[in-house]
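Residue numbers (UniProt numbering): 1 to 737. We put the CB at the ideal spot given by N, CA and C, even for glycine. Quick caveat, the model's predicted, so the values are computed rather than measured. Everything on this sheet refers to the single structure shown next.
Right, here's the structure in full:
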């Protein structure tokens with residue numbers, strides 16, 4: 001590293017060989033074949049392909065074979081056939097050098113050092129291929145040493161199979177379902193909500209069966225193909241009302257609060273209608289609302305999410321900008337954007353959208369919990385933002401939804417059976433980018449905010465959320481690859497596909513044994529989860545679960561939050577002062593909550609947290625953070641080796657293991673049986689050698705740049721000048737939990 005004013009000496013040696021030839025790992029001599037899943041077919045391949053190391057700007061890499069199947073793109077080198085240095089957290093379906101076809105975001109070709117987006121038919125073939133993935137990995141392949149015919153086949157094959165529109169029945173999902181043995185129990189205590197009994201049990205669990213009923217009106221999908229076979233409506237709603245407008249204008253039950261107030265959703269009527277039709281629909285809607293506003297029902301508050309939350313297009317635009325910050329080709333690109341990190345991050349508007357969504361969920365929780373008011377969420381189809389808000393409210397208010405099986409059941413109920421259009425929103429078939437929007441990812445980002453703010457309240461970890469987001473693009477499971485229950489049912493029977501290979505037995509993503517061994521699955525479970533104490537049997541008959549929190553207005557000022565967003569608690573005071581103006585921009589938002597909301601919000605935060613009661617996220621300013629594990633896991637420069645949350649976790653797990661061992665010894669010495677089951681905990685590797693983004697990043701090469709660029713240290717000498725400029729740096733590594 002040169003000094004601030006030093007100049008590099010003019011090189012006296014000129015190399016006439018390429019960087020690839022300097023740092024070559026010899027081409028593999030033994031034949032390495034891809035591991036193929038049942039139903040997976042090899043389509044094309046190319047040998048002598050050079051894969052660059054993403055994190056290194058020196059063009060280091062390795063030679064291997066690049067293959068394309070009907071499931072994935074895969075790079076095979078001599079390490080692919082070796083079981084040495086197996087990662088502790090390994091996916092059995094998708095390896096570190098595998099990209100499922102649905103995970104491919106964009107493909108660029110490099111022609112004479114110029115990048116060009118590759119789509120459709122190609123007239124000229126590139127010398128380098130760059131693949132950007134939806135899980136934010138970047139693969140860089142050099143084809144300069146590959147035979148011309150092989151280059152044509154592999155590039156054309158990859159572009160065709162990953163970028164061009166396809167039919168539903170061409171998804172690998174169907175090939176796998178027809179070929180793979182189905183000998184596992186995919187439910188794993190997850191309620192699938194595909195039977196009448198599942199809905200009745202949920203009504204009984206939430207004590208909603210007094211005022212609401214399960215209906216079978218849509219059996220055979222005679223009401224609507226967009227509605228599930230079974231759903232729940234207020235008891236006063238007649239079958240004729242449900243049939244009249246194909247389920248539109250009907251309040252559908254989502255969940256009941258302990259005090260009897262319920263969360264409902266409704267698909268709105270089309271806005272563009274003739275006057276007579278609009279009048280009839282308005283009269284129908286007024287009648288429905290009056291009916292469910294009378295006793296025994298609580299007062300009703302209606303919330304049109306299309307006017308109170310960002311549009312799907314706004315969400316897609318924000319996320320597109322946001323993800324570009326993390327699709328890093330090399331170290332140079334990382335440091336080039338680092339000096340503008342704050343301004344770039346703020347300009348995406350992604351964190352602000354997360355804040356607004358969490359704020360809306362808190363507003364709904366206030367109506368249910370404090371005002372004892374029913375809330376009716378309204379949206380055009382009630383399958384996008386309705387799913388986000390209803391799911392968040394249940395995670396915040398129902399501790400069952402914070403267990404792993406409870407959260408999975410919630411996703412089944414609100415998203416899979418609820419009719420979220422995964423095919424369109426994820427653009428799995430590459431048919432239309434206009435319908436694409438990361439709605440489910442938005443939910444996971446919001447849930448992550450709660451997980452990192454209240455870790456003991458959740459049975460699952462952020463690693464669980466990360467692999468769940470990755471599973472969106474794995475067409476081995478049917479969970480995220482249909483638009484509705486009707487489409488799934490007809491596809492499973494083979495009716496809509498006009499094929500003789502049905503019926504299909506699709507796997508569900510909730511069977512984690514398909515992707516991970518038991519040792520790896522342990523990383524999905526939170527060892528610090530504060531399990532709900534079992535009630536005393538003698539008091540079980542009279543005891544009724546209620547939130548222990550009294551929601552009276554606080555008499556004193558609320559306690560200030562101990563967190564500071566992107567900053568660690570030990571962050572230098574100087575940095576805090578320098579960045580104070582930027583933080584103020586987030587806090588003093590024009591979208592400030594109204595007084596009643598603020599009173600409810602501050603009242604809750606002024607009291608101790610009940611991990612099995614109501615949870616409200618902190619949403620002021622920098623409390624909304626970047627989900628570092630998901631977005632930064634492939635960027636070595638953003639990792640903190642031997643630090644971060646994982647280092648703390650490893651130490652605590654060591655202590656837990658020691659305490660358990662001592663307890664066993666004490667019991668043995670006193671000839672007593674171990675009281676209760678001793679849960680084994682998975683202790684990660686030596687924490688001094690781990691990355692803060694473990695288990696996705698282990699011992700990757702550290703950046704050759706310092707933690708703070710040299711120019712930034714110089715700028716820190718003049719505090720007043722820096723405050724007036726765009727932010728130079730933020731170290732995310734301390735909050736990478």
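Residue i (DSSP reduced to helix, strand or coil)
{"i": "residue 234", "result": "strand"}
{"i": "residue 198", "result": "helix"}
{"i": "residue 149", "result": "helix"}
{"i": "residue 141", "result": "strand"}
{"i": "residue 595", "result": "helix"}
{"i": "residue 436", "result": "coil"}
{"i": "residue 61", "result": "strand"}
{"i": "residue 76", "result": "strand"}
{"i": "residue 322", "result": "helix"}
{"i": "residue 280", "result": "helix"}
{"i": "residue 350", "result": "helix"}
{"i": "residue 256", "result": "strand"}
{"i": "residue 160", "result": "helix"}
{"i": "residue 91", "result": "coil"}
{"i": "residue 103", "result": "helix"}
{"i": "residue 272", "result": "coil"}
{"i": "residue 426", "result": "coil"}
Rounded straight-line distance, which links the Cα of residue j to that of residue i
{"i": "residue 186", "j": "residue 478", "result": "Here residue 186 scores only 48 on pLDDT, less than 50, and its place in the model is too uncertain to base an answer on."}
{"i": "residue 657", "j": "residue 666", "result": "14 Å"}
{"i": "residue 288", "j": "residue 237", "result": "8 Å"}
{"i": "residue 391", "j": "residue 435", "result": "22 Å"}
{"i": "residue 558", "j": "residue 596", "result": "Any answer about residue 558 is weak, because its pLDDT of 38 lies below 50 and its placement is not dependable; what the coordinates show is given next. Their Cα atoms are separated by approximately 15 Å."}
{"i": "residue 292", "j": "residue 206", "result": "19 Å"}
{"i": "residue 602", "j": "residue 457", "result": "20 Å"}
{"i": "residue 133", "j": "residue 308", "result": "32 Å"}
{"i": "residue 509", "j": "residue 408", "result": "10 Å"}
{"i": "residue 529", "j": "residue 523", "result": "13 Å"}
{"i": "residue 387", "j": "residue 122", "result": "41 Å"}
{"i": "residue 691", "j": "residue 633", "result": "9 Å"}
{"i": "residue 437", "j": "residue 127", "result": "33 Å"}
{"i": "residue 739", "j": "residue 145", "result": "No statement about residue 739 is possible, as the shown extent of the chain runs from 1 to 737 and does not include it."}
{"i": "residue 34", "j": "residue 99", "result": "13 Å"}
{"i": "residue 493", "j": "residue 448", "result": "37 Å"}
{"i": "residue 267", "j": "residue 381", "result": "5 Å"}
{"i": "residue 327", "j": "residue 137", "result": "7 Å"}
{"i": "residue 337", "j": "residue 324", "result": "11 Å"}
Status (buried if at least 16 other CB within 10 Å, exposed otherwise) for residue i
{"i": "residue 663", "result": "exposed"}
{"i": "residue 648", "result": "exposed"}
{"i": "residue 111", "result": "exposed"}
{"i": "residue 738", "result": "With the chain represented from 1 up to 737, any question about residue 738 goes unanswered, as that position is not in the structure."}
{"i": "residue 486", "result": "buried"}
{"i": "residue 630", "result": "buried"}
{"i": "residue 182", "result": "exposed"}
{"i": "residue 765", "result": "It is not possible to answer for residue 765, since the shown part of the chain is limited to 1 through 737."}
{"i": "residue 670", "result": "exposed"}
Proximity below 8 Å, CB of residue i to CB of residue j
{"i": "residue 88", "j": "residue 527", "result": "no"}
{"i": "residue 43", "j": "residue 208", "result": "no"}
{"i": "residue 471", "j": "residue 190", "result": "no"}
{"i": "residue 229", "j": "residue 214", "result": "no"}
{"i": "residue 70", "j": "residue 41", "result": "yes"}
{"i": "residue 384", "j": "residue 255", "result": "no"}
{"i": "residue 261", "j": "residue 614", "result": "no"}
{"i": "residue 155", "j": "residue 125", "result": "yes"}
{"i": "residue 232", "j": "residue 250", "result": "no"}
{"i": "residue 227", "j": "residue 61", "result": "no"}
{"i": "residue 76", "j": "residue 65", "result": "yes"}
{"i": "residue 612", "j": "residue 532", "result": "yes"}
{"i": "residue 299", "j": "residue 377", "result": "no"}
Sequence-distant residues of its chain with Cβ nearer than 8 Å to residue i (five each side left out)
{"i": "residue 244", "result": "284"}
{"i": "residue 481", "result": "171, 173, 422, 423, 428, 475"}
{"i": "residue 353", "result": "310, 314, 315, 318, 442"}
{"i": "residue 296", "result": "210, 211"}
Beta-carbon contacts of residue i that lie in its chain and below 6 Å, excluding the five residues immediately before and after
{"i": "residue 359", "result": "619"}
{"i": "residue 484", "result": "226, 419"}
{"i": "residue 47", "result": "65"}
Beta-carbon contacts of residue i that lie in its chain and below 7 Å, excluding the five residues immediately before and after
{"i": "residue 179", "result": "38, 39"}
{"i": "residue 430", "result": "163, 164, 165, 166"}
{"i": "residue 401", "result": "394, 395, 407, 410"}
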